[in-house]
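Novice: Letter by letter, the sequence shown follows residues 1 to 347 in UniProt numbering. We treat Cβ as the ideally placed atom computed from N, Cα and C, and that holds for glycine. Please see the structure below; I have some questions.
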Amino acid sequence: MEQKEVILSARDVEIQFSLRGKKLNAIRKCSLDLYKGETLAIVGESGSGKSVFTKSFVGMLDANGSITGGEIMFEGKDIAKYKTEREWLTIRGKKIAMVMQDPMTSLNPLKKIGKQIKESIELHQGLKGEAAKRAAIEMLEKVGIPNPEKRYNQYPHEFSGGMRQRVVIAIAVACRPDILICDEPTTALDVTIQAQILDLIRNLQKELQMTVIYITHDLGVVANVADRVAVMYAGQIVEYGLVNEIFYDAWHPYTWALLSALPQLGVKGEDLPTIEGTPPNLFNEIKGDAFAPRNKKALAIDFVKEPPFFEVSETHKAKTWYLDPRAPKIEQPPAVRMLREQMRERG
Numbered sequence: 001m002e003q004k005e006v007i008l009s010a011r012d013v014e015i016q017f018s019l020r021g022k023k024l025n026a027i028r029k030c031s032l033d034l035y036k037g038e039t040l041a042i043v044g045e046s047g048s049g050k051s052v053f054t055k056s057f058v059g060m061l062d063a064n065g066s067i068t069g070g071e072i073m074f075e076g077k078d079i080a081k082y083k084t085e086r087e088w089l090t091i092r093g094k095k096i097a098m099v100m101q102d103p104m105t106s107l108n109p110l111k112k113i114g115k116q117i118k119e120s121i122e123l124h125q126g127l128k129g130e131a132a133k134r135a136a137i138e139m140l141e142k143v144g145i146p147n148p149e150k151r152y153n154q155y156p157h158e159f160s161g162g163m164r165q166r167v168v169i170a171i172a173v174a175c176r177p178d179i180l181i182c183d184e185p186t187t188a189l190d191v192t193i194q195a196q197i198l199d200l201i202r203n204l205q206k207e208l209q210m211t212v213i214y215i216t217h218d219l220g221v222v223a224n225v226a227d228r229v230a231v232m233y234a235g236q237i238v239e240y241g242l243v244n245e246i247f248y249d250a251w252h253p254y255t256w257a258l259l260s261a262l263p264q265l266g267v268k269g270e271d272l273p274t275i276e277g278t279p280p281n282l283f284n285e286i287k288g289d290a291f292a293p294r295n296k297k298a299l300a301i302d303f304v305k306e307p308p309f310f311e312v313s314e315t316h317k318a319k320t321w322y323l324d325p326r327a328p329k330i331e332q333p334p335a336v337r338m339l340r341e342q343m344r345e346r347g
């Protein structure tokens, strides 16, 4: 198997938030390798820790949050140890950039679009004045905004939602980062515009040779864009593998629950399956498998001891006792089997 270059490696990362004198364990010993040039999708329901985990790669945690354990290795340095804004500015934007889900909160409503892109270019590329302005106009053109010279002098409110998202992407990629993190980049957009934005990111990735991380709860987006998928639950990655492995041979019960709720698998006249219960309270210590209280087929050990990662293949691992050789045989649910059949039919 071809050995890929690891561009970023997170090991046993722990992130805590202080809230009203209590400690919330948002990320609990999370590990991840990111490979150069790949598209990785991180999926999971709201509150699973997807955004918090990736914000730690760019030093954008809220003021009451901090990395309390583990390491994040990037270009030979442990960036988890960075404390000052000066340190983070050597990485943020320049090497690792982020596209937020709501462009209106990312853009300054009182500043012209062109000025905002130009500032990013001046800060990270070292271009000044007219050269930076030309680069900003080129960037607007690159992200598919018509009449870039005219649009350069307009304000965010003069753009549609889809166009604003293109501007945010222009600001993020203007500095040609090595890694682009896209946090729900299509959530607020209609389906047609979503497809255009995904195509745009894909084309920019190819042209600028970027590594892309998508944070999403939309498995349809994942199927279209990802090379690999990491599934997060309660502040941990519980399963990861190549996109086909996750869709057609998933083994963690939480991944099963997500796949079973896919609208494409719905039967006319029947309710779509839902995941019963709620995620655990991360203020409390979690014993065993965090998903066990919501899993009707949980094993006794799931409530007592946290499972390690078991290998399904060289590229696919799942954190579930189901894969322990001593465990009783558990069948994959109909949804996973149905997806596999669909794949076979399509060849």
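Any chance the region 273 to 292 sits against the region 231 to 246, with 3 or more Cβ pairs inside 8 Å?
Specialist: Counting Cβ pairs under 8 Å, three or more are found: they touch.
Novice: Please report how far the alpha carbon of N64 lies from the alpha carbon of V58, in whole angstroms.
Specialist: Residue mapping note: residue 64 aligns to position 64 of the sequence shown, counting from 1. Residue mapping note: residue 58 aligns to position 58 of the sequence shown, counting from 1. Each residue's Cα considered, the two are about 16 Å apart.
Novice: From what residue to what residue does the alpha helix (DSSP H) around A195 run?
Specialist: Translated into the one-based positions of the sequence shown, residue 195 becomes position 195. Counting along the chain, the alpha helix (DSSP H) containing A195 begins and ends at 191 to 208.
Novice: Any chance the region 122 to 139 sits against the region 194 to 202, with 3 or more Cβ pairs inside 8 Å?
Specialist: Output reads no: the region 194 to 202 does not touch the region 122 to 139.
Novice: Please tell me whether V229 and V6 are closer than 8 Å, where the distance is taken between their beta carbons.
Specialist: Taking the sequence shown and counting its residues from 1, the one referred to as residue 229 is at position 229. Taking the sequence shown and counting its residues from 1, the one referred to as residue 6 is at position 6. It is not a contact, given that the beta carbons lie outside the stated cut-off.
Novice: Could you spell out the range, first to last residue, of the beta strand (DSSP E) harbouring V99?
Specialist: Against the sequence shown, residue 99 aligns to sequence position 99. Note, V99: beta strand (DSSP E), 96 to 99.
Novice: Please tell me whether M104 and M60 are closer than 8 Å, where the distance is taken between their beta carbons.
Specialist: Here residue 104 refers to the residue found at position 104 when the sequence shown is read from its first residue. Here residue 60 refers to the residue found at position 60 when the sequence shown is read from its first residue. The answer is no: Cβ separation not under 8 Å.
Novice: Does the region 184 to 193 come into contact with the region 211 to 223, if we say contact requires no fewer than three beta-carbon pairs (one atom in each stretch) closer than 8 Å?
Specialist: Touching, yes, given that three or more Cβ pairs across the two stretches are closer than 8 Å.
Novice: Taking T274 as part of the beta strand (DSSP E), name the residues at either end of that continuous run.
Specialist: On the sequence shown, position 274 is the one that residue 274 refers to. Looking at the DSSP string, T274 is not in any beta strand (DSSP E), and its letter there is neither H nor E.
Novice: Near N108, what residues of its chain come up, given a Cβ to Cβ distance below 7 Å and the 5 sequence neighbours on each side ignored?
Specialist: In the sequence shown, the residue the question calls residue 108 occupies position 108. Correct list, in chain order: Q116.
Novice: Quick one: Cα of K77 to Cα of R326, how far?
Specialist: Position 77 of the sequence shown holds residue 77. Position 326 of the sequence shown holds residue 326. Cα to Cα, the separation comes out at about 41 Å.
Novice: Thinking just about the alpha-carbon of each residue, which of L208, P307, S9, D324 is nearest to the one in E172?
Specialist: To locate residue 172, count along the sequence shown from 1; it is residue 172. Position check: residue 172 holds Ala in this sequence, whereas Glu was assumed. Of L208, P307, S9, D324, the residue nearest in Cα terms is L208.
Novice: Just mark E245 as buried or exposed, buried being the case when its beta carbon has 16 or more other beta carbons within 10 Å.
Specialist: For the purposes of this step, residue 245 is identified with residue 245 of the sequence shown, where counting begins at 1. Buried.
Novice: Would you call E85 buried or exposed, if buried means 16 or more other Cβ atoms sit within 10 Å of its Cβ?
Specialist: One-based indexing of the sequence shown puts residue 85 at position 85. So E85 counts as exposed.
Novice: Tell me the residue span of the beta strand (DSSP E) that contains Y214.
Specialist: The residue labelled residue 214 in the question sits at position 214 within the sequence shown. Residues 211 to 216.
Novice: Between which two residues does the beta strand (DSSP E) holding S56 run?
Specialist: Within the sequence shown, residue 56 is the residue found at index 56, counting from 1. Premise fails: S56 is in no beta strand (DSSP E) and is neither H nor E.
Novice: Give every residue of the same chain whose Cβ lies closer than 8 Å to the Cβ of Y214, excluding the five residues on either side of it in the sequence, and list them in chain order.
Specialist: Translated into the one-based positions of the sequence shown, residue 214 becomes position 214. So the list reads T39, L40, A41, I42, C182, P185, V221, V222, V225, A226, once near-sequence residues are dropped.
Novice: Please state the DSSP three-state secondary structure of S31.
Specialist: Translated into positions along the sequence shown, residue 31 becomes position 31. It is a strand residue.
Novice: DSSP three-state call for Q342: helix, strand or coil?
Specialist: As a working note, residue 342 is residue 342 in the sequence shown. In the structure shown, Q342 sits in a helix (DSSP, three-state: H, G or I).
Novice: Under the three-state reduction of DSSP, which class applies to M232: helix, strand or coil?
Specialist: Taking the sequence shown and counting its residues from 1, one reaches residue 232 at position 232. Reduced to three states, the DSSP call for M232 is strand.
Novice: Are K319 and F309 touching if we call contact CB-CB under 8 Å?
Specialist: As a first step, residue 319 is located in the sequence shown; it is residue number 319 there, counting from the start. As a first step, residue 309 is located in the sequence shown; it is residue number 309 there, counting from the start. Contact flag set, yes.
Novice: Just the C-alpha distance for S160 and I275, rounded to the nearest angstrom, thanks.
Specialist: Taking the sequence shown and counting its residues from 1, one reaches residue 160 at position 160. Taking the sequence shown and counting its residues from 1, one reaches residue 275 at position 275. Roughly 35 Å separates the two Cα atoms.
Novice: Between L180, G114, G126, M139, which lies nearest to R151 when the distance is taken from Cα to Cα?
Specialist: The residue you call residue 151 lines up with position 151 of the sequence shown. It is G114 whose Cα lies nearest to the Cα of R151.
Novice: What did DSSP end up calling I330 once you bin it into helix, strand or coil?
Specialist: If you number the sequence shown from 1, residue 330 lands on position 330. DSSP places I330 in coil when its eight states are reduced to three.
Novice: Do you know how far the Cα of A10 is from the Cα of L339?
Specialist: Stepping through the sequence shown from its first residue, residue 339 is reached at position 339. Stepping through the sequence shown from its first residue, residue 10 is reached at position 10. Cα to Cα, L339 sits roughly 31 Å from A10.
Novice: Just verifying my parser: in three-state terms, what is the DSSP assignment at F74?
Specialist: Walking along the sequence shown from the start, residue 74 turns up at place 74. Reduced to three states, the DSSP call for F74 is strand.
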